[in-house]
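Engineer: This structure is in structure tokens; I'll ask about it shortly.
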Amino acid sequence: MTTLEIVGKQVEFDEEGFLKNPDDWTRELAEALAAEMGITLTPKHWQVIEFCRQDFQRTGESPTLRRITKESGVTTKELYKLFPKGPAKKVARIAGLKKPTGCI
Amino acid sequence: MKKILILGAGTAGTMAANKLNHLLNKQEWQITVVDQDETHYYQPGFLFIPFGIYGEQEVVKPKKRFLPANVQLIISPIQLIEPEKNRVILEKENQILEYDYLIIATGTHPRPDQTPGLTEEEWRKSIHDFYTYEGAIALRNKLKNWQGGHLVVNIMEMPIKCPVAPLEFLFLADWYFTQRQMRDRVKLTLVTPLPGAFTKPKATQLLSQMFTERGIEVVPEFYTERVEPAQKLLISYDEEEVPYDLLVTIPVNMGADVIGRSGLGDELNHVPVDKHTFLSTKYDNIFALGDAASLPTSKAGSVAHFAVEAFAENFIRYVNGRNMEPNFDGHANCFIETGYGKGILIDFNYDVEPLPGKFPLPGIGPFTLLQESRINHWGKMMFRWLYWNMLLPGREIPFISNQMSLAGKQSD
Ligand SMILES: Cc1cc2nc3c(=O)[nH]c(=O)nc-3n(C[C@H](O)[C@H](O)[C@H](O)COP(=O)(O)OP(=O)(O)OC[C@H]3O[C@@H](n4cnc5c(N)ncnc54)[C@H](O)[C@@H]3O)c2cc1C
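So the sequence lines, in the order shown, correspond to chains Y and U. 4 is the number of the first residue of the first sequence in our numbering; add one for each residue after it. 805 is the number of the first residue of the second sequence in our numbering; add one for each residue after it.
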């Protein structure tokens, strides 16, 4: 576990960089996490992030890549452009959700 | 008479029919099973077919033989489930079956049609699979005459059933080509969407090390968009390429189409259920067992076995108006064949990753967890006997409990 100071606040993450306490999530935090991955968030990014957060509220799980593309209307190709290399995991981290369980 | 309808007479459906038939009063309950295929395949045996270790005799038997005489077996594809009407429509003569309780055990199946380029002109020529009986046989014939080159095993997407099978295939390939004195002419590579060889940290560490020792390469985080059959290329969504001479693919695995058609599935046609009781999240008289269920544990025959044991006890409680116990913990127990007559055993559940130690008797074994041994290989070979003679008929297996045990395991 690591604690980082992001936008003036102490925030805790697990070993793989996923947020410990979902209540710590803010839009500013998302911007900062994305920046750390070299991503500047555009409205298209936000569309995906918001979809994932809503889906998590409904299901209690972070959506898999296939679920995101099927339900949000953003294609896999676009997702890879928006969040290069492992989009499902990256979006989950930026959106303050837990690691997607699609991979067992 | 109350009616139980089981869809699918594979590993899970057959075990469930046997268990319930044993536990329920035959004067009050009628059990019916539907499957489209008369043949029961021992799928774990598919792994050994390409290397000439198993043939038809070891993996193919009639389904009927493993079901009790008083359980009705109907052979027909299933057309539609109508959960609001508590009935199922079959393709054969549009027959309608009503039920009080429905158990979905239609499994998960390789779907090469989901990836562009796979099933075109090179299918079963330079592109093969071993997740089906026909595929395993075709690959055996291919390997017999293959002159060497770059053999790539690729996993299209997770989850797949038996996530260790692709790794076992590579271990066996290393052994097979060494035996045939052509290992120096074969390059072996695993291309996977996962960050490493396996999903759980400690097991991944061991398996990666074994891959390195055997000169098997891993290309991680590669999510295949399409295959270019003419150029023999795998192409990922972020436009990376892996060339191959012989592709052994693990296609996308999906639940039966009838699940999707009937509005009971998730995006891969797996049925969302409570992860401890298998009760559908939508209907209180529908359960899903085995690979058909959407659960955060491995899709494997051993898991289906533990699941059916846990489910059967609960089912009796449930139909007698008592509360079900959350008694399934995601327990999985998988032998990993590593070639040269050796194997590894991993034992884990929803919360605990595979750890080193002894199994099933703490300190004694005989099997070694997360460590290669000869006895583990015999365990894997014995599993076939156990499968046909103990698992399918629903007999108890001594010393092995449904729930995972931490006894005999070392954590740090
Ligand atoms: C290559 C390979 C290696 C494996 N190795 C291992 C191993 O070492 N250890 C292990 O524990 N597990 C292993 N497994 C996994 C194991 O075989 C499966 O997890 C297990 O068979 C799942 O049982 P099931 O009953 O859920 O599905 P299945 O056994 O696949 O049964 C599903 C049944 O449903 C029927 N069906 C589907 N759709 C319809 C329809 N529309 N209408 C009518 N019938 C339908 C099918 O005909 C089938 O009989 C392996 C699998 C493969 C492919």
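Glycine is no exception: its CB is placed at the ideal position from the N, C-alpha and C atoms.
So, are the CB atoms of residue 909(U) and residue 1174(U) less than 7 Å apart?
Structural biologist: no
Engineer: Does the beta-carbon of residue 107(Y) have 16 or more other beta-carbons within 10 angstroms, so that it is buried, or is it exposed?
Structural biologist: Residue placement at residue 107(Y) cannot be trusted, given a pLDDT of 42 that sits under 50; the coordinates are not used to answer.
Engineer: Specify the secondary structure class of residue 891(U) as computed by DSSP and reduced to three states.
Structural biologist: Three-state DSSP puts residue 891(U) in a strand.
Engineer: Return helix, strand or coil for residue 1058(U), following the three-state DSSP convention.
Structural biologist: strand
Engineer: Since residue 89(Y) meets chain U, which of its residues come closer than 9 Å, beta carbon to beta carbon?
Structural biologist: In chain order: 997, 999, 1025 and 1027.
Engineer: Any chance the CB of residue 850(U) is under 6 Å from a heavy atom of ligand 1?
Structural biologist: yes
Engineer: For residue 40(Y), is the classification buried or exposed, using 16 other Cβ atoms within 10 angstroms of its Cβ as the cut-off for buried?
Structural biologist: exposed
Engineer: Would you call the region 1053 to 1073 of chain U and the region 963 to 974 of chain U touching, i.e. three or more CB-CB distances under 8 Å?
Structural biologist: yes
Engineer: Using only the heavy atoms of ligand 1, determine whether one of them is closer than 6 Å to the beta carbon of residue 896(U).
Structural biologist: no
Engineer: Kindly examine ligand 1 and report whether one of its heavy atoms sits closer than 6 Å to the Cβ of residue 1212(U).
Structural biologist: Every heavy atom of ligand 1 is 6 Å or more from the Cβ of residue 1212(U), so no.
Engineer: Is the beta carbon of residue 815(U) within less than 6 Å of some heavy atom of ligand 1?
Structural biologist: yes
Engineer: Any residues in the region 62 to 84 of chain Y with a beta carbon nearer than 7 Å to a beta carbon of chain U? Which ones, in chain order?
Structural biologist: 69, 70, 73, 79, 80 and 83
Engineer: Round the Cβ separation of residue 16(Y) and residue 95(Y) to the nearest angstrom and send it over; I've been treating them as touching at under 8 Å.
Structural biologist: A Cβ-Cβ distance of about 12 Å is found for the pair residue 16(Y) and residue 95(Y), leaving them out of contact under the 8 Å criterion.
Engineer: Measure the Cβ-Cβ separation of residue 99(Y) and residue 46(Y) and say whether it is below 7 Å.
Structural biologist: no
Engineer: Which residues does DSSP pair with residue 1152(U) in a beta bridge?
Structural biologist: 1136(U)
Engineer: Kindly confirm or deny that the region 1110 to 1120 of chain U and the region 1073 to 1092 of chain U touch, where touching means at least three C-beta pairs closer than 8 Å.
Structural biologist: yes
Engineer: Residue 903(U) by DSSP, collapsed to three states: which one?
Structural biologist: It is coil, neither helix nor strand.
Engineer: Could you tell me which residues DSSP puts in a beta bridge with residue 1076(U)?
Structural biologist: For residue 1076(U), which the question treats as bridged, DSSP gives the partners 1098(U).
Engineer: So, is the C-beta of residue 903(U) closer than 7 Å to a C-beta in chain Y?
Structural biologist: Answer no: the Cβ-Cβ gap between residue 903(U) and chain Y never drops below 7 Å.
Engineer: Indicate, with yes or no, if ligand 1 has a heavy atom lying under 6 Å from the CB of residue 1056(U).
Structural biologist: no
Engineer: According to DSSP, which residues form a beta bridge with residue 1032(U)?
Structural biologist: 1037(U)
Engineer: Would the region 1041 to 1048 of chain U and the region 906 to 925 of chain U be scored as touching if the rule is three or more Cβ pairs under 8 Å?
Structural biologist: no
Engineer: Measure the C-alpha to C-alpha separation of residue 889(U) and residue 819(U) and round it to an integer number of angstroms.
Structural biologist: 26 Å
Engineer: Quick one: is residue 1071(U) near chain Y, going by C-beta distance under 7 Å?
Structural biologist: yes
Engineer: Which residues of the region 1040 to 1054 of chain U have a Cβ closer than 9 Å to any Cβ of chain Y? Give them in chain order.
Structural biologist: Residues of the region 1040 to 1054 of chain U with a Cβ closer than 9 Å to any Cβ of chain Y, in chain order: 1040, 1041, 1042 and 1043.
Engineer: Between the Cα of residue 1197(U) and the Cα atoms of 808(U), 1017(U) and 824(U), which residue gives the shortest distance?
Structural biologist: The shortest Cα separation from residue 1197(U) among 808(U), 1017(U) and 824(U) belongs to 824(U).
Engineer: Which residues, in chain order, does the region 946 to 962 of chain U contribute to contact with chain Y at a C-beta distance below 8 Å?
Structural biologist: 961 and 962
Engineer: Does residue 866(U) pass the burial test, meaning 16 or more other C-beta atoms within 10 Å, or should it be called exposed?
Structural biologist: exposed
Engineer: With 16 other CB atoms within 10 Å as the buried threshold, where does residue 940(U) fall?
Structural biologist: A buried status is given to residue 940(U), since no fewer than 16 other beta-carbon atoms sit within 10 Å of its beta-carbon.
Engineer: Leaving out five residues on either side along the sequence, give the residues of the same chain with a beta carbon under 7 Å from the beta carbon of residue 1024(U).
Structural biologist: 996, 998, 999 and 1000
Engineer: Beta carbon of residue 1103(U): closer than 6 Å to some heavy atom of ligand 1?
Structural biologist: yes
Engineer: What does residue 958(U) pair with, by DSSP beta-bridge criteria?
Structural biologist: Paired residues: 995(U) and 1053(U).
Engineer: Quick one: Cα of residue 1067(U) to Cα of residue 1199(U), how far?
Structural biologist: When the Cα atoms are used, residue 1067(U) and residue 1199(U) turn out to be separated by approximately 34 Å.
Engineer: Comparing the C-beta of residue 1162(U) with each C-beta of chain A, is any distance below 7 Å?
Structural biologist: Absent here is chain A; the protein component of the structure consists of chains Y and U.
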